[in-house]
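See structure below.
The following block contains the structure:
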């Protein structure tokens, strides 16, 4: 019987080594090791064997069964790893096919630029306040020292709505509301839309400004310069310089036009620079020290307080920052434009 | 204003400038200086530049071109070197003629560039010029032939005396004193520390006044409005053309020559800034010239030929009967100086800037004179200007002074300015020595008394109307020192920043930004449409044109928008029109900005039918601005993908955008009801929507807006290329129901114990909405049914006509313990019974 077991074992190992698939392997397992398998059949005859012989035969049978078991397992894991390799070889996608993309939304360049300006100046302590776009002539003009029948009115072509009512021509109109509504110190930014009767390649009848106003006991003109220099550096880069030129705005004295150094030809000065037209400077805002007349109008004592004020056109800065070649693109609602920002 | 370098140079001694700087003053350096002083030079034009390489020349020889009948070969001399060969197509010249030659390298005013070339085989070294080519005329025939005495071989610019540089200045409204060559020269002299040359005045005023009183009397009847009047009566003048120097000078700054007398008045204005006027003295009735206010109904024909009717109250110059001029604006036709005039009456006066401005704007006569009076002339400069004018006219037109007349109102002296130099330095943030401040102010013509070190007494010169406050003096000092010398500092915080989070406008601004961010995160792009649109577009969309601009740029910009949707719909149409390709483009646009209406109280019954916009107080109008949130979407749900992924957006995409917005704003109490169930469906906004595929948005019990599909009738009439989904919600109502920016979302815990799920398949009538099924499930399954949602809907052949098969999943759990199977079973039974009883829903037998 020992010989029979030995020959069965050898036959089994030989057959397992020639198996070619997982299915065959499973059949082989049943054939050799199953309840009705080859070894079980042989061991049925164990009853006729003497009790001295039995342990020997049992041990031999178990030894062969475990050898076959190991051979089956080895065979199986080989088949499985071959199968995995085959899957990894064949289950391939084309990653260059188009993505199933969600729509990417965007904020208008004017909104983005306004936020940038507000965020930068908020670090210096400015708060935001707003006012209506339909404004009284009083707050838009008289209250900011532009009396009726004064040539300064010519500086801004105004849309009229009715007696004493205009579409505000500048966010300076918010100044007096703010000044009258609180005691000094006042540190405010007024962002918003403004309107002027102007419509050509470089002017829209509606555009956006951010007005800044800082009123306190000892505000100096040098503070104005430092504030604007900080803003310019944060907007256009740390090497940006600013230049103040004397100018006239009725609500400030002294008044200044403010230019920033051209960020395009900063590294490579060019007489043909498309941005600054070779001048090296970009005119971006108007500024000055708050006119004492405004303090009187607000009920402050002009001997007690001083203030700095500035106003900038948001579109102009957005065009510079986003390299937008034509102002009109801003208002055309074209998705090819709007989705870029 | 145009300014001539040569004219300025007549009044300035540049040699001083040379001493201060190493190089002589150039026009370019002057332009930079003026700009840095706040007198912005917009443009600078060198006259000679246009005629570079263009010279006077003489034709020595002319013979026909061998290859072309119409062309000639000329030998041309430029006075030196060998004669040049020039091919010429003109016919009007002969040997010996003096002509203008454009040499190789010239860029002519008409844009022609001259290069050496061969014309039909013959070499040509330049071009003989016509008047057209030189920019002198729009059309001309043949060459410009110069007079025989013309010097040959000199630059054309020199021959024409075109050697000036002309600056165009953009002067601000406060600097009326710079509206003349002398005014500018004064400014330049102060800036450079150089001296002014004495003006060739001729006779001075006292010499002229010595001729005694004129028989023409002057009377001031308008008080403060007509302040001073000087008149000179000259007889025996001869009106004729002006001499060439005068014509050239006027033309160089864009002023047309008319005759010697009129030119003299213009010259004085451009030189000294004082407008003057010459009347034909023989036309003045009653030997009287008066400044008075006009009577209603008086008429005057002006020099430009237009007739104006006066409303009464305007400031006029009148003789004993009629107005003869609008004071400071324009003279009358009747008293105009003509060729036959022999008697002149000259006017040099000061009027109130406001009176002049009212007329200039009222009658739309923005003349050079009015421009100067509006900005304020030098009240102490009248005698000088009159003396200059009189002397010039005597020179140019002859005649003799018959007498003078003048009248002057008592004028208030400008109050002196008290200046503390320490304050000035503190104000500018710049240390300037007292002596320097004093020197700067004196250079500007101020008188400065520094006796009290801390309270200087400064009196500004009469021509500087812009100097009346200490801040004005600070600007003068800053200008003179240079704005670039002011250091950069930052303002110090003297108090805590305002606690803005609880400040309504700031909180509102932040909330609005959050909404914009959320909409952008939902894949929408922010658009910006103008606040105005046309009445016809509003009418097309069923809106009433409400607030109108009185002076719109065009019909397109007439009405302020009552809704943001007209703009967004226009954007959609525009995008469809721009688009080419097989799929319709994805349009996903939003806006949050104000819309405009009358105050609610204005529209109430019993009030005016069509109110007009007006101010209710210094700070209030009868209008209101309502911020709205709106969006428009159309096209594919996904931005990209394969055909299998392609689906058009539908109602539930729109609903998702609105719901995620509400969620992120923390808005509570916002409900949607089907539009066809709305009780307010007759508003223009409602009318834009498909009643079956849209909902009304209710904020509390108020109608806050609508979203859904654009009404098919509009889609058809507007030729919409694809379904357009729209939404507009009143922002203020939404903001009121939203979580304040101060409140952070609160954490809510989930159950520790596993929930149980039950799925139900129901068959219900089509009218039964999902919301009814889920709401009833939660009610009947109380307290353990915590959520119910629809997960499947089917209509079609598998269910009876008019019925829907619906899959509902209910989730049960309870706090603090695990649910028993029997509890869930009991609750499920109750739910099924409630569905059956209240909604007629049956469980579907599978």
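Chains as they are written, first to last, in the working numbering: chain A, 1 to 341; chain X, 1 to 846.
Glycine is no exception: its CB is placed at the ideal position from the N, C-alpha and C atoms.
From a predicted model like this one, the values you see are computed outputs, not experimental measurements.
- Scanning its chain for C-beta atoms nearer than 6 Å, with the 5 sequence neighbours on each side dropped, one finds around residue 285 of chain A the residues 258, 310, 312, in chain order.
- Non-local C-beta neighbours of residue 391 of chain X in its own chain, meaning closer than 6 Å and more than five positions away in sequence, comprise 202, 203, ordered along the chain.
- Contact with chain A is absent for residue 663 of chain X, since none of that chain's Cβ atoms lies less than 8 Å from the residue's Cβ.
- The way I'd put it, the region 481-500 of chain X does touch the region 123-140 of chain A; three or more beta-carbon pairs between them come closer than 8 Å.
- Within 8 Å of the CB of residue 486 of chain X, the CB atoms of chain A belong to 221, 222, 225, 244, in sequence order along the chain.
- Residue 628 of chain X and residue 555 of chain X have their alpha carbons spaced roughly 24 Å apart.
- Closest in alpha carbon position to residue 327 of chain X, among X:708, X:360, X:424, X:550, is X:360.
- Per the coordinates, the alpha-carbon of residue 348 of chain X lies some 7 Å from the alpha-carbon of residue 277 of chain X.
- Residues of the region 112-139 of chain X with a C-beta atom less than 9 Å from some C-beta of chain A do not occur.
- Within the region 539-611 of chain X, the complete beta strand (DSSP E) segments at least 3 residues long are 587-598, listed from N- to C-terminus.
- In chain order, 152, 153 place their CB closer than 6 Å to the CB of residue 79 of chain X, counting only its own chain and leaving out the 5 sequence neighbours on each side.
- At a Cβ-Cβ threshold of 8 Å, residue 252 of chain X and residue 4 of chain X count as neighbours.
- One finds 618, 619 in chain X with Cβ atoms closer than 8 Å to the Cβ of residue 139 of chain A, taken in chain order.
- For residue 377 of chain X, there is no enclosing alpha helix (DSSP H), as DSSP marks it with neither H nor E.
- For residue 217 of chain X, the beta-bridge partners assigned by DSSP are X:288.
- Comparing C-alpha distances from residue 482 of chain X to each of X:167, X:440, X:461, X:523 shows the shortest one belongs to X:440.
- Annotation: residue 304 of chain A to residue 11 of chain X spans about 44 Å, alpha carbon to alpha carbon.
- Sequence-distant Cβ neighbours of residue 425 of chain X in its own chain, meaning closer than 8 Å and more than five residues away, are 431, 432.
- DSSP, read as helix, strand or coil, puts residue 62 of chain A in helix.
- Restricting attention to A:152, A:138, A:115, A:20, the CA atom closest to the CA of residue 247 of chain A is found in A:152.
- Listed by position along chain X, the residues whose Cβ is nearer than 9 Å to that of residue 199 of chain A are 553, 554, 557.
- Within chain X, no C-beta atom comes less than 7 Å from the C-beta of residue 64 of chain A; the nearest is roughly 50 Å away.
- Listed along chain X, no residue sits closer than 9 Å to residue 231 of chain A by beta-carbon distance, the nearest being about 11 Å off.
- In summary, no residue of the region 229-253 of chain X has a CB separated from any CB of chain A by less than 9 Å.
- Contact annotation: residue 137 of chain X and residue 238 of chain X have beta-carbon atoms that are not nearer than 8 Å.
- Under the three-state reduction of DSSP, residue 178 of chain X is assigned to helix.
- Within 9 Å of the CB of residue 520 of chain X, the CB atoms of chain A belong to 104, 105, 106, 107, in sequence order along the chain.
- Minimum Cα-Cα distance from residue 578 of chain X among the listed residues A:341, A:340, A:339, A:335 corresponds to A:335.
- Take the alpha-carbon of residue 20 of chain A and the one of residue 34 of chain A: they are about 20 Å apart.
- The region 304-311 of chain X and the region 213-220 of chain X do not touch, with fewer than three beta-carbon pairs separated by less than 8 Å.
- Neighbours of residue 523 of chain X in chain A, taken as residues whose beta carbon is under 7 Å from its own, are 102, 103, 104, 105 in chain order.
- At least one CB atom of chain A sits nearer than 8 Å to the CB of residue 528 of chain X.
- Residue environment: residue 90 of chain A is assigned as exposed (fewer than 16 neighbouring CB atoms within 10 Å of its CB, all protein chains considered).
- When C-beta distances to chain X are compared with 8 Å, the residues of the region 299-327 of chain A below that value are 306, 308, in chain order.
- Residue 612 of chain X belongs to the set of residues whose beta carbon lies under 8 Å from a beta carbon in chain A.
- Neighbours of residue 124 of chain A across chain X, judged by C-beta separation under 7 Å: 490.
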